[in-house]
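Below: one structure, written as structure tokens.
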């Protein structure tokens with residue numbers, strides 16, 4: 001939580017009122033332009049007050065334009081309010097409906113109810129969304145409770161839960177694309193309205209929430225004290241946190257049930273107000289609510305103004321994420337976070353196994369066993385059977401998939417290991433830091449925009465996307481010494497940008513959308529023997545290229561001063577390693593998509609079992625990464641035979657579950 005002196009740092013010396021007024025000017029201009037395009041202010045006002053049902057323009061204004069503006073103001077204000085409540089309860093400026101997984105949990109619950117119990121939606125969509133959001137934030141609390149809800153642990157838990165729930169949503173969408181295709185636009189945050197029903201549902205709930213927040217104002221202000229001081233005042237912190245977080249989850253669930261997921265408003269508005277100088281909880285609640293309404297309404301009016309007819313099919317939530325990501329990246333270096341201390345890398349990789357060679361040998365045997373399992377054992381028309389090794393009719397389909405899975409696991413594991421040692425941060429990985437997301441943005445754009453993209457063209461495009469993300473990460477975090485919270489928050493911003501691009505592309509109704517969904521889930525189904533050999537060769541070459549860098553990777557976790565004293569040129573070393581990470585991530589993402597946890601999980605497991613030196617760490621992570629991906633591919637092919645679950649999706653579900661279990665034990 002920000003201290004008083006830290007909060008006093010203002011953006012350009014501006015007060016919250018001036019900041020809201022300045023940011024509301026574009027909304028007023030766009031509001032006026034929008035009404036002029038609909039027939040003028042007089043006609044718009046008449047359509048709102050007393051519409052003529054014989055005038056088509058007035059009907060469009062009354063049933064579409066005004067309700068859309070109203071729902072944008074309500075949803076934006078509610079998300080700003082929910083964001084302040086979450087940040088106050090957790091004493092964490094990074095908390096928001098997005099970073100804590102509340103919005104993703106609500107969306108997943110609505111998708112599940114649509115498929116399995118549509119009758120629940122008739123009873124009340126907001127209650128289904130509330131249950132999903134509550135379960136998501138409860139899981140985040142469960143994972144971080146033993147660490148006292150420390151900001152870095154809460155954010156990490158929120159990221160993992162977000163990725164995990166996103167993987168489950170992708171699985172539902174992959175197997176029920178036709179049934180859920182209509183939810184693609186809505187789920188990404190669509191504000192399009194065809195009446196006042198959404199406003200009628202949302203405004204009473206937000207009004208009640210505002211009253212409840214007002215009653216909780218003084219009790220929640222106690223949370224600005226430390227736990228000991230608060231308890232000395234006779235305050236029950238558990239009940240107070242439950243009340244504050246419960247109210248925030250209710251607000252988020254109500255909004256998601258009406259308009260879907262709207263990203264960044266709940267994170268950006270409270271932090272802008274805080275940086276503008278709002279110190280006390282009351283002013284932060286007021287100005288964050290107003291600013292959230294302004295930000296979302298401005299974004300939606302801008303989309304309508306420049307999107308034309310396309311605005312009806314482009315989710316506003318996706319555009320909010322696309323616009324909010326650069327804003328958050330600008331805010332990150334200016335945020336004062338609790339515990340702004342560079343990571344101490346000397347002890348991060350200190351645990352050593354007494355016999356690393358024997359441990360590596362065991363992993364090699366396990367990998368060979370998993371490979372034989374993936375090639376020779378499976379299900380057919382007559383049940384389970386062992387395949388003869390010379391049966392090429394079946395082997396020609398299994399061998400490329402096993403090779404591609406192993407190669408992608410190898411590359412992601414090496415990329416994650418390099419990132420963890422480069423930043424001295426065991427939480428770093430291509431997935432968490434947004435590198436896979438940046439690579440996926442470039443690949444999706446390449447698939448949709450290039451006339452006939454080849455694999456080599458996509459690898460080049462993906463590498464550029466991954467490297468651009470790394471440049472952003474380095475530029476934002478270099479001065480702060482690569483603080484874990486700032487790295488993670490940068491990853492949140494990049495991932496939100498990726499989600500925005502993905503949502504816009506999939507919501508457009510392009511027939512390539514189903515193929516993109518399958519690729520995002522990490523399917524090896526489309527890999528043939530030629531592509532598998534190419535991918536395997538690239539993985540082997542890149543693994544060999546990594547070996548000369550082991551000395552740098554041993555030294556750099558010790559810190560900049562030690563590295564320079566030992567003769568390591570940091571800028572050159574970082575540039576070379578980041579280029580290598582970009583290439584590894586691009587090649588792996590092209591095969592198994594951006595959803596896998598392998599880049600986070602494999603290096604983490606290798607470190608836990610005792611691979612401490614850089615060479616050992618790379619070898620152990622590579623073996624574990626290949627083992628996990630080969631097993632994930634086999635499980636995905638067999639668990640619901642004759643249907644398949646993509647390998648990347650299985651890896652993310654298994655890896656995410658393991659990582660949440662490990663985080664709970666910390």
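Residue numbers (my numbering): 1 to 666. For every residue, glycine included, the Cβ atom is placed at its ideal position computed from N, Cα and C. Just so we're clear, the structure is a prediction, and the values are computed from it rather than from any experiment.
For residue 246, the enclosing alpha helix (DSSP H) starts and ends at 237–259.
In this structure residue 244 is not in contact with residue 143, their Cβ atoms being roughly 19 Å apart against a cut-off of 8 Å. In its chain, beyond the 5 residues on either side, 83, 84, 87 and 288 have a beta carbon closer than 6 Å to the beta carbon of residue 270. Residue 459 and residue 124 have their alpha carbons spaced roughly 46 Å apart. Looking at the DSSP output, residue 386 shares a beta bridge with 377. Separation of residue 93 and residue 242 (C-alpha to C-alpha, rounded to the nearest whole angstrom) is 18 Å. A straight line joining the alpha-carbon of residue 449 with that of residue 457 spans about 12 Å.
One thing to note: residue 106 has its Cβ within 8 Å of the Cβ of residue 252. Taking C-beta atoms as the reference points, residue 605 and residue 409 fail to come closer than 8 Å. For residue 84, the uninterrupted alpha helix (DSSP H) segment begins and ends at 66–90.
By the CB criterion at 8 Å, residue 190 and residue 259 fall inside the cutoff. Cβ neighbours of residue 528 within its own chain (closer than 7 Å, five residues either side excluded): 400. Short of 8 Å from the beta carbon of residue 62, and not among the five residues preceding or following it, lie these beta carbons of its own chain, in chain order: 47, 48 and 51. Where residue 599 is concerned, the enclosing alpha helix (DSSP H) starts and stops at 598–609.
The alpha-carbon separation between residue 100 and residue 495 amounts to approximately 14 Å. Rounded to the nearest angstrom, the Cβ distance from residue 544 to residue 360 is 17 Å, too far for a contact under 8 Å. Linking residue 432 to residue 74 through their CA atoms gives a straight-line distance of about 31 Å. Non-local C-beta neighbours of residue 332 in its own chain, meaning closer than 7 Å and more than five positions away in sequence, comprise 476, 486, 489 and 490, ordered along the chain.
For residue 411, the enclosing alpha helix (DSSP H) has its first and last residue at 392–423. For residue 58, the enclosing alpha helix (DSSP H) starts and ends at 56–60. Around the CB of residue 277, 16 or more other CB atoms lie within 10 Å, so the residue is classed as buried. Counting along the chain, the unbroken alpha helix (DSSP H) around residue 113 starts and ends at 102–116.
For residue 412 and residue 598, the gap between their C-alpha atoms comes out near 6 Å. The Cβ-Cβ distance between residue 136 and residue 102 falls below 8 Å. In this structure residue 58 is buried. Its beta-carbon is surrounded by 16 or more other beta-carbon atoms within 10 angstroms. In this structure, residue 213 sits near residue 285, with a CB-CB distance shorter than 8 Å.
Taking residue 420 as the centre and dropping the five residues before and after it, the same chain places the C-beta of 426, 428 and 603 closer than 6 Å to its C-beta, in chain order. Rounded to the nearest whole angstrom, the C-alpha separation of residue 652 and residue 525 is 17 Å. Of the residues assessed, residue 607 falls on the buried side of the cut-off, its CB having 16 or more other CB atoms within 10 angstroms. In this structure, DSSP gives residue 433 a state outside helix and strand, which the three-state scheme calls coil. Between residue 296 and residue 76, the C-beta gap is smaller than 8 Å, which places the two residues in contact. Sequence-distant partners of residue 70 (beyond 5 residues in either direction) whose C-beta falls short of 6 Å from its own C-beta, in its chain, are 199. Here DSSP, grouped into helix, strand and coil, assigns residue 640 to coil. The beta carbons of residue 132 and residue 108 sit closer together than 8 Å. Nearest in C-alpha terms to residue 20, of all of 218, 148 and 268, is 268. Taken in chain order, the complete alpha helix (DSSP H) segments of 4 or more residues contained in the region 129–209 are 151–175, 177–180 and 183–187.
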